[in-house]
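Structure first, commentary second.
In structure tokens form, the structure reads like this:
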């Protein structure tokens with residue numbers, strides 16, 4: 001056993017140990033800090049304990065954070081991409097069916113376009129038929145590159161379940177491109193199907 | 198109400214209860230790490246933490262509307278994390294007898310600057326994790342919350358429903374026990 005261990009094995013009174021703990025935990029008041037400094041200045045055993053605890057704390061924080069990170073298998077890029085690809089494939093398949101089953105009709109009121117549907121929020125309840133017209137070009141610069149942002153799916157699997165309550169409609173815009181109009185209870189989005197999925 | 202990164206946790210909870218999008222997401226992002234820490238140290242097994250944590254957040258999503266005292270979200274969330282870990286642990290115990298180490302081998306070596314240095318550091322961290330895992334649960338819980346999130350005694354007491362004095366006492370004992378454990382490891386030549 002070396003001299004540091006000898007010192008470390010010496011008894012430190014409970015009061016000093018308490019002060020060291022409070023200091024390391026950021027719970028020590030000014031007066032107590034002065035008291036602790038005085039003790040550390042004169043007591044090698046207290047100093048050894050302080051250094052030991054200080055070093056251990058750093059190791060503990062590092063070990064725990066690394067250990068916690070090692071548990072994040074669900075957020076691995078491969079899995080997220082796989083999830084997205086699977087959902088995107090389903091959406092494309094659904095759209096491919098729907099795009100040929102829905103014939104756009106001229107509305108009774110003001111014309112609905114993918115853009116107006118996506119931005120107006122004035123939508124009929126889910127399950128009711130909607131009439132669409134695509135006489136205007138679809139220009140939606142704010143539309144996200146993805147159909148839905150899945151970044152949080154690994155944390156919120158329930159959201160994934162909720163998306164089963166959505167409606168997906170494939171439409172072809174005046175520009176000739178294919179779009180997916182997705183509507184759920186909270187929002188509607190229009191996304192061009194070309195791009196990186 | 199406009200939510201921002203500065204919004205209080207109770208505000209986020211209340212916004213989530215009103216159905217505001219993004220509030221719960223922000224809450225999850227803010228607290229995922231320590232929830233993961235609670236599950237992680239309760240299970241003593243890194244392999245299933247992810248599944249249990251997802252289960253916790255699913256429960257939160259489903260039950261956020263039932264939280265009446267939103268200021269007490271910390272205790273509520275801690276209980277939910279702990280209960281999920283206990284439930285899983287009981288099921289797992291029936292299925293397998295051997296537990297795996299806290300730090301899984303495949304990820305333990307990530308981010309090492311050099312092979313030798315990394316190996317030594319990984320070994321040290323593994324010993325530290327083993328020592329933490331060896332702490333009695335009543336000491337381990339406040340100890341992990343303190344070191345993962347730098348929570349105050351008051352915040353830890355709120356989460357664990359304990360008086361501040363008790364939290365402090367448990368942290369003192371946790372440090373002491375950890376020191377003894379690591380010193381014993383050192384004597385046996387496993388920790389330098």
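Chains as they are written, first to last, in my numbering: chain G, 1 to 197; chain D, 198 to 389.
Ideal Cβ placement from N, Cα and C applies to all residues, glycine included.
Buried or exposed by the 16-neighbour rule on C-beta atoms within 10 Å, applied to residue i
i	result
residue 279 (chain D)	buried
residue 48 (chain G)	buried
residue 42 (chain G)	exposed
residue 215 (chain D)	exposed
residue 247 (chain D)	buried
residue 33 (chain G)	exposed
residue 54 (chain G)	exposed
residue 212 (chain D)	buried
residue 205 (chain D)	exposed
residue 268 (chain D)	exposed
residue 38 (chain G)	exposed
residue 358 (chain D)	exposed
residue 360 (chain D)	exposed
residue 365 (chain D)	buried
residue 218 (chain D)	exposed
residue 223 (chain D)	buried
residue 339 (chain D)	buried
residue 31 (chain G)	exposed
residue 79 (chain G)	Residue placement at residue 79 (chain G) cannot be trusted, given a pLDDT of 38 that sits under 50; what the coordinates show is reported in the next sentence. Counting Cβ neighbours within 10 Å, residue 79 (chain G) comes out exposed, since fewer than 16 surround it.
residue 334 (chain D)	exposed
residue 323 (chain D)	buried
residue 159 (chain D)	An answer regarding residue 159 (chain D) cannot be provided, because it is not within the stretch 198 to 389 covered by chain D.
Per-residue DSSP class, three states only, for residue i
i	result
residue 335 (chain D)	helix
residue 226 (chain D)	helix
residue 139 (chain D)	This structure cannot settle anything about residue 139 (chain D), because the visible part of chain D is limited to 198 through 389.
residue 347 (chain D)	coil
residue 245 (chain D)	coil
residue 197 (chain D)	The requested residue 197 (chain D) is not part of the displayed model; chain D covers only 198 to 389.
residue 369 (chain D)	helix
residue 234 (chain D)	helix
residue 69 (chain G)	helix
residue 265 (chain D)	coil
residue 205 (chain D)	coil
Beta-carbon gap between residue i and residue j smaller than 7 Å
i	j	result
residue 336 (chain D)	residue 373 (chain D)	no
residue 344 (chain D)	residue 18 (chain G)	no
residue 71 (chain G)	residue 243 (chain D)	yes
residue 379 (chain D)	residue 330 (chain D)	no
residue 14 (chain G)	residue 350 (chain D)	no
residue 59 (chain G)	residue 325 (chain D)	yes
residue 68 (chain G)	residue 367 (chain D)	no
residue 254 (chain D)	residue 346 (chain D)	no
residue 264 (chain D)	residue 273 (chain D)	yes
residue 261 (chain D)	residue 249 (chain D)	no
residue 61 (chain G)	residue 12 (chain G)	no
residue 252 (chain D)	residue 289 (chain D)	no
residue 270 (chain D)	residue 353 (chain D)	no
residue 275 (chain D)	residue 356 (chain D)	yes
residue 321 (chain D)	residue 238 (chain D)	no
For this session: Taking only runs that begin and end inside the segment 5-49 of chain G, name each unbroken alpha helix (DSSP H) of 4 or more residues, in chain order.
Result: 14-24 and 30-42
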